[in-house]
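If you want our numbering, it's the 1-based position in the sequence shown plus 57.
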Amino acid sequence: MESPCIRLCTLDDQDVCVGCNRSIDEIVSWHHASQIEKQAILSRAKIRESNRPPVLFSDAS
């Protein structure tokens, strides 16, 4: 299973990535996780995403 990383790696105050919505522990363990564990990680990330307010980026130019 492919990593859900979208290369927007920034952690919030709870150490959850604002790009993929995985916790730092889930990110670190991804490559050693079983398929079942990866599905669980993706499910938790989806829940976090639905509960997170949208991330807005300003144009710094």
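Yeah, the Cβ is synthetic: ideal placement off N, Cα and C, and Gly gets one too. A quick note: this is a predicted structure, and the numbers were derived from the prediction, not measured.
Name the residue from the options whose alpha carbon lies nearest to the alpha carbon of residue i.
i: Pro110; options: Asn78, Ile63, Met58; result: Asn78
i: Arg105; options: Trp87, Gln71, Ser86, Glu94; result: Gln71
When we look at the beta-carbon of residue i and count the other beta-carbons within 10 Å, is it buried (16 or more) or exposed?
i: Ile93; result: exposed
i: Cys74; result: buried
i: Ile63; result: exposed
i: Ile81; result: exposed
In the DSSP assignment, find the unbroken alpha helix (DSSP H) run with residue i in it and report its ends.
i: Asp82; result: 81 to 86
i: Ser100; result: 92 to 108
Give me the Cα-Cα distance between residue i and residue j, rounded to the nearest whole angstrom.
i: Thr67; j: Gly76; result: 7 Å
i: Ser60; j: Ser91; result: 13 Å
i: Arg101; j: Ile84; result: 12 Å
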